[in-house]
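Chains B and A supply the protein sequences, listed in that same order. Be aware that the first sequence starts at 1, since it is given in our numbering, and climbs by one per residue. Be aware that the second sequence starts at 1001, since it is given in our numbering, and climbs by one per residue. Glycine included, every Cβ here is placed at the ideal spot set by N, Cα and C. First the structure, in the form of structure tokens, and then the observations on it.
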Amino acid sequence: MSAARIGDLTLDEIRTRLKGDGVYFRTGPYVSRVRSDVRNLPESMLELYGCYPLEDAGAIAEYLIEVRYTGLWRRFFRRQIMAELGQPTPMVPMAEAHASLVLEMGLNWSLATRNATYLVFHAGVAEKDGRAVIIPGLSGQGKSTLSAGLALRGWRYFSDEFGLLDLDSLDVVPYPRPVSLKNESIDVIRAFAPDAGVTEPLVNTHKGSVAYVPPQANWIERMHEVARPGIIVFPHYRPGEPPLAEAIDPPEAFMLCTASSVNYDRFGKRSFDALGKLIETTPVYAIYYPDLDAGIELVNQLSDRASEK
Amino acid sequence: MTAIWPNDTLVRTLRDPGLVTGLTAREWTELLRRARSSMLLGKLARLVRSAGLTEGLPEAARRVLSEADIVTEENARMLRWESRRIERALVGTAIRPVLLKGGAYIVAGLRAGEGRLASDLDILVPQKDLREVEACLKAAGWQAAGKTDYDERYYREWMHELPPMRHENRYTTVDVHHTILPPIGRLHPDVTALFASAKSLDDDRGATLAPTDMLLHCAVHLFQDSDLAFRLRDLLDLHELMEEFAVVDDFWQSLATRAALHGLERPAWYTLYFARKAFGTNVPDSAMAALSGGQPGSLILNLMEALITRALPPDDELRPVAGAGLARWLLFVRSHWLRMPPLMLARHLTVKFFRRISTKPTGISSQ
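Listed below in structure tokens is the structure:
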């Protein structure tokens, strides 16, 4: 990749671009464009997206996001901002200090509601030896922490939030964005990988404390490399209990995956066929683990076992 | 060269899809954004595909257009299914609802329905059957979605439809109309004639208005009943309906006769004039002449043309058009003026204004 990175720009240069035509960056298959006149967003961009190659306006941006103050008054007093996506959203104004969160939530919402190319799961995804582990789960169930943990222990990070599955080839496609950690997970990952660059937490958000792990350079460099599905793992964090892995039967696995999919109903029969093929060829487990190391160990074992077959 | 349509990029591209081959990436980003905001991505996708241009497109453009195909196909599938569900809800009654607008185009398989997004189904039933229809729909799971007593009154007494009914499980919406314009407005189309000429679709798919009535309904919906802001899609609908229906020899004469019957010559004239101007619809001069009863004076026409050309398309940030905001505001006032007697209008706007400033914003935060 020969393009300069966002991190190569100065804060002022980022600010100028944000106020002008926008900052363009690529996450997996998609180029996004961010525009904003919010004071602290340039810092957030630098912190979260510094490693991303800078696309210029020679790229077609599919996901467009503007982060703006909610009114003239709110630009100066009890500053409030909001993401504008060119579509209705359920999001409410948030404090200026939470600009990173507004940006990330806005990008998440766009992808989740608009994507009609891939079968999208609420899932963390990581890859090793050409095989992906897909970790579905709702917010707060541990998928972000586990996928971050795997990525910081030798796996290649695809996403902490959205698993993209090609409906025809069943390739799993990277969509790397900053890892979002909440509350206890922040300290867990900090202790787990002190050099990971976990950002200073945003406090008092509606989700509690939120911090980010900016993606590492090689995850971004390799974000065009897809993987085959290896295993699907439903995580259950159970402090104090012994680690355990249970295979899930295909019919139940199918239903669980449907429930984890954001746009299953979008493709009609193609969704059904694709998911069916996925379940037939990919072992599905529920894992119960008392801590992150144990969870990672279980994933490694299950993944090794699956690739032996 | 001014950017006002018909020189507007989106309008020109819809008219001549071959223009996409010359777009820069920046122009693509803006074109796709504008098409999406006008709900025209599906149409653009279809036009580009029909012109055989898909293969040569940049990958991202190809993907966005392909997504539009998938989304509109899903939407059409849902609507066709919902249309059957409505029929089922009315089994045992003698009521045959007439499908209106986008739902009609899609279920009837018209070209205007291809690539079109329609968020809900609109049906027309005789006024005397309203209570029964509402009861049947409620029994089948649809709930009236009126927000306050004022809303309920607004719809039932003054407008031409029940409050929208939303299905409790599927969240799909049905709008039940008993005529095509608000009864308190100035124009009163002949509803009996609408029902008398309604056509049944084969395969038990339901019924739609006759072609001339369908066109007039769309025309009236755009030029009489709406504020025209950002409604480029409706004008494209009109263009596509005309192109499809006008293959019948006496279509234009029938249209003029029908427009006169319903007292809708003005919106009909505007339709022919503006569709031809934007999309080059093949409207013969004799058709315009037959509707001359609806032609506005040159002062009004010049004013409407200045306003509509600015208000209809979405904003183009690469080629901004001056006065678009003002044009939209003026047409907004016009639309309410046309809808209601002035005193009622003043009262309506006042109620809405006070309600808006006293309501706290609500919303859920999500990922």
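Asked                                                                                                                                                        : Found
Ignore the nearest five residues each way along the sequence and tell me which others in B:Y69's own chain have a CB closer than 6 Å to its CB.              : R75, I81
Under the three-state reduction of DSSP, which class applies to B:P229: helix, strand or coil?                                                               : strand
Could you tell me which chain A residues have their CB closer than 8 Å to the CB of B:L64, listed as they occur along the chain?                             : T1029, R1033
Return the residues of the segment 264 to 276 of chain B that lie within a Cβ-Cβ distance of less than 8 Å from chain A, sorted by chain order.              : D265, R266, F267, G268
Which residues of chain A have a Cβ atom closer than 8 Å to the Cβ of B:V31, listed in chain order?                                                          : A1060
According to the Cβ coordinates, are B:S147 and B:V125 closer than 9 Å?                                                                                      : yes
Does DSSP classify A:R1063 as helix, strand or coil?                                                                                                         : helix
Within this structure, are the beta carbons of B:V31 and B:Y63 separated by less than 9 Å?                                                                   : yes
My assumption, with CB atoms under 8 Å, is that B:E66 sits in contact with B:E84. Please give the rounded CB distance.                                       : 4 Å
For the alpha helix (DSSP H) that A:N1302 lies in, which residues bound it at each end?                                                                      : 1298 to 1311
With the cut-off set at 9 Å, would you say B:R131 and B:S307 are in Cβ contact?                                                                              : yes
Distance, Cα to Cα, B:F155 vs B:A116?                                                                                                                        : The identity of residue 155 of chain B in the sequence shown is Trp, whereas the question assumes Phe. Taking the straight line joining both Cα atoms gives about 28 Å.
Could you pull out every residue in the same chain whose Cβ sits closer than 8 Å to the Cβ of B:R238, ignoring the five residues on either side in sequence? : Y288, Y289, P290
Given that B:I60 touches chain A, what residues does it touch there, using C-beta distances under 7 Å?                                                       : A1025, W1028, T1029, P1058, A1060, A1061
Answer with yes or no whether the minimum CB distance from B:T117 to chain A is below 9 Å.                                                                   : yes
Please check if any C-beta of chain B sits within less than 9 Å of the C-beta of A:I1070.                                                                    : yes
Should B:G276 go down as buried or exposed, given a rule of 16 or more other Cβ atoms within 10 Å for buried?                                                : exposed
What are the residues in the segment 76 to 89 of chain B lying within 7 Å of chain A by C-beta distance?                                                     : G86
For the segment 1305 to 1321 of chain A, which residues have a beta carbon sitting closer than 7 Å to at least one beta carbon of chain B?                   : none
Using a Cβ cut-off of 9 Å, pull out every chain A residue sitting near B:A57, in sequence order please.                                                      : T1024, A1025, R1026, T1029
Would B:R68 count as contacting chain E if we go by Cβ distances under 9 Å?                                                                                  : Going by chain labels, chain E is absent from the structure shown, which instead holds the protein chains B and A.
Would you call the CB atoms of A:R1034 and A:D1315 closer than 9 Å?                                                                                          : yes
If you count every other CB in all the chains shown that lies within 10 Å of the CB of A:G1092, and 16 or more means buried, which is it?                    : exposed
Does any C-beta atom of chain B lie closer than 9 Å to the C-beta of A:V1064?                                                                                : yes
How many angstroms separate the CA atom of A:G1363 from the CA atom of A:R1258?                                                                              : In this prediction, A:G1363 has a pLDDT of 46, which is less than 50 and means its spatial position is unreliable; nothing more can be read from the coordinates.
Looking at the secondary structure, which residues open and close the beta strand (DSSP E) in which B:P136 lies?                                             : 131 to 136
Counting only beta-carbon separations shorter than 9 Å, does B:S2 have a partner in chain A?                                                                 : Unreliable positioning characterises B:S2 in this predicted model, as indicated by a pLDDT of 43, which lies under 50. A coordinate reading is not provided.
In whole angstroms, what separates the C-alpha of A:I1300 from that of A:F1354?                                                                              : 33 Å
A:S1037 CB to nearest chain B CB: under 9 Å?                                                                                                                 : yes
CB-CB under 6 Å to A:A1112, same chain, minus the five flanking residues each way: which ones, in chain order?                                               : Y1105, D1237, E1240, L1241
Check the Cβ-Cβ distances between A:R959 and every residue of chain B, and say whether any is below 9 Å.                                                     : For chain A, the structure presents residues 1001 to 1367; residue 959 of chain A sits outside this window and is missing.
Between A:G1206 and A:A1260, is the Cβ-Cβ spacing less than 9 Å?                                                                                             : no
For B:A97, name the three-state secondary structure that DSSP assigns.                                                                                       : helix
If you measure from the beta carbon of B:R114 to each beta carbon in chain A, is any gap under 9 Å?                                                          : yes
Which residues bound the beta strand (DSSP E) around A:Y1171?                                                                                                : Note, A:Y1171: premise wrong, no beta strand (DSSP E); not H, not E.
Where does B:Q301 sit, in a helix, a strand or coil, going by DSSP?                                                                                          : helix
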